[in-house]
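Plus 757 on top of the position in the sequence shown (first one is 1) and you've got the numbering used here.
The block underneath contains the structure these notes are about, expressed in structure tokens.
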Amino acid sequence: MTSSRKPLDPVVKIGLGVLIGAFCLIALGMFLSRPDRSIPPFSVGSQTGTIVALHLPPWTGDQEMARLIERFRRIGHGTRDFAPMKIQPTTPFDSRGRYRRLVVLMFTDHTWTEHQMLRRYLESASNPEERRFRADFESSIRGGYWLTDREAKGWLGPATLHESGDPLPRNGWLFAEKLKNVTPIIGEEDAKTPVHTSY
């Protein structure tokens with residue numbers, strides 16, 4: 758005697774469809790949000806104007822640091838959109854670009870990336886205590902990246918920031934190059950240049 762199987766109830770079918778769809782969405786989300794293994798993990802500790810302090814794990818080596826600096830270099834030569842690197846626009850109201858100038862300082866000690874530390878360094882006076890603080894801050898820098906309209910530079914090791922905000926590394930530059938393609942004023946070539954608005 759053969760028994761015919763009862764078809765699944767429509768409500769059960771809908772429930773199974775929702776369950777399978779949810780698993781697919783979770784898997785897709787995990788794939789899209791997977792960490793980028795080609796560069797070391799980092800976070801933005803603080804940002805004041807055009808100067809950004811990044812925190813990297815204490816075990817980050819110079820080679821990994823150089824790969825991160827190279828990533829900034831490629832973006833500076835390309836889209837100049839540093840939002841995917843977790844950096845807010847440094848020149849948000851400039852019609853010529855939202856990242857016309859950028860100084861990235863990299864630390865492996867999170868203490869130096871705190872907002873009050875960066876502010877104190879930028880505003881520190883010339884008394885002996887503040888001079889010692891500035892020296893300690895600069896000695897803790899592990900590397901950095903500097904971008905202007907016309908040039909880009911990267912370095913490893915400690916650096917000094919001039920009053921203008923321009924860095925001067927103690928160990929020389931990893932690279933120092935002129936940029937051929939200066940960001941055009943929006944409106945002159947807006948048909949050719951995409952405007953990035955998300956951050």
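Glycine is no exception: its CB is placed at the ideal position from the N, C-alpha and C atoms.
A quick note: this is a predicted structure, and the numbers were derived from the prediction, not measured.
Whole alpha helix (DSSP H) elements within the segment 813 to 879, 4-residue minimum: 819 to 834
Nearest-angstrom beta carbon gap, G900 and M738 [assumed within contact, 8 Å]: Beyond the ends of the chain as shown, which are 758 and 956, falls residue 738; an answer cannot be given.
Given Q873 as reference, the closest of G772, A810, I777, R762 once Cα atoms are compared: A810
Sub-8 Å separation of T870 and H812 beta-carbons: yes
Test item: CB-CB of E908 and K937 under 8 Å: no
Minimum C-alpha distance to I898 - residue among V768, S795, M822: M822
Bridge partner(s) assigned by DSSP for I808: T805, V860
Cβ pair count under 8 Å reaching 3, the segment 846 to 860 against the segment 797 to 809: yes
Three-state secondary structure (DSSP) of P926: strand
Residues near P815 by beta carbon distance below 8 Å, same chain, minus five either side: T865, D866
Check whether A933 and L925 have beta carbons under 8 Å apart: no
Within 8 Å, strictly: CB atoms of R746 and G911: Since the displayed the chain opens at 758 and closes at 956, residue 746 lies outside it and no answer follows.
Exposure of F780, with buried meaning 16 or more beta-carbon neighbours within 10 Å: exposed
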